[in-house]
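In our numbering, the protein residues as written are 304 to 442.
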Amino acid sequence: ALDPAWRAALPARMEVAWLASVGPPALRAAVLQELVPRSARVAEVQVQPVMADVRIGYAEPARLGVDRALAMVGARGQLRDWALVVGVGTALTLDLLDADGLHHGGCIAPSPTSATTGRSGTATLAPSAVGNANPSVPM
Numbered sequence: 304a305l306d307p308a309w310r311a312a313l314p315a316r317m318e319v320a321w322l323a324s325v326g327p328p329a330l331r332a333a334v335l336q337e338l339v340p341r342s343a344r345v346a347e348v349q350v351q352p353v354m355a356d357v358r359i360g361y362a363e364p365a366r367l368g369v370d371r372a373l374a375m376v377g378a379r380g381q382l383r384d385w386a387l388v389v390g391v392g393t394a395l396t397l398d399l400l401d402a403d404g405l406h407h408g409g410c411i412a413p414s415p416t417s418a419t420t421g422r423s424g425t426a427t428l429a430p431s432a433v434g435n436a437n438p439s440v441p442m
């Protein structure tokens, strides 16, 4: 169930609601149940081979989490140089972008908080999403 405070904070009407989810399907469905009646349009972000000025380095870009892809798009919008994009949530993620916007792969591991508190099972990590997408660049 969604937090009632979150539900109450939503505007009554929105032109467009954007959804990017790496959460469980039930949570995604619950969020959509709140967004659809309030929004003229709901747009769900999916990972594409090229997103803005970022070229995803995975052979199958959809295997990269949309949260990581959007973090790289945000970093690229701020910096036109090499960037190590780090995310800390239920997982610790690292992704490397070059100065031309090419994603050279990354890695994912339990977050420091999850590792120290022994919280496992908080997030399901797909082994295929782990590792270096571009073997020419060591990680």
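Quick reminder that beta carbons are idealized off the backbone N, C-alpha and C, glycines included.
Proximity to residue i [Cα-Cα], best of the options
{"i": "V348", "options": "Q336, R331, D306", "result": "R331"}
{"i": "L400", "options": "S414, T393, M375", "result": "M375"}
{"i": "G368", "options": "R344, T393, G380", "result": "T393"}
{"i": "A346", "options": "L322, G326, A329", "result": "L322"}
{"i": "A372", "options": "A362, Q381, V357", "result": "V357"}
Secondary structure of residue i, DSSP reduced to three states
{"i": "E337", "result": "helix"}
{"i": "V348", "result": "coil"}
{"i": "D306", "result": "coil"}
{"i": "T416", "result": "helix"}
Residue i Cβ short of 7 Å to the ligand NAD heavy atom set
{"i": "S342", "result": "The ligand NAD is absent from the structure shown, which contains no ligands of any kind."}
Residues of its chain near residue i, where Cβ-Cβ distance is below 8 Å and the 5 sequence neighbours each way are ignored
{"i": "A304", "result": "A333"}
{"i": "S414", "result": "V391, G392, T393, A394, L395"}
{"i": "M317", "result": "L338, R341, S342, A343"}
Nonlocal neighbours in the same chain, by C-beta distance under 6 Å from residue i, ignoring five residues either side
{"i": "P352", "result": "I359, P364"}
{"i": "P328", "result": "none"}
{"i": "A388", "result": "At residue 388 the sequence reads Val, which differs from the Ala that was named. Only A374, M375, A378, D398 meet the Cβ criterion."}
Is the number of C-beta pairs between the segment 333-345 and the segment 312-321 that are closer than 8 Å three or more?
-> yes
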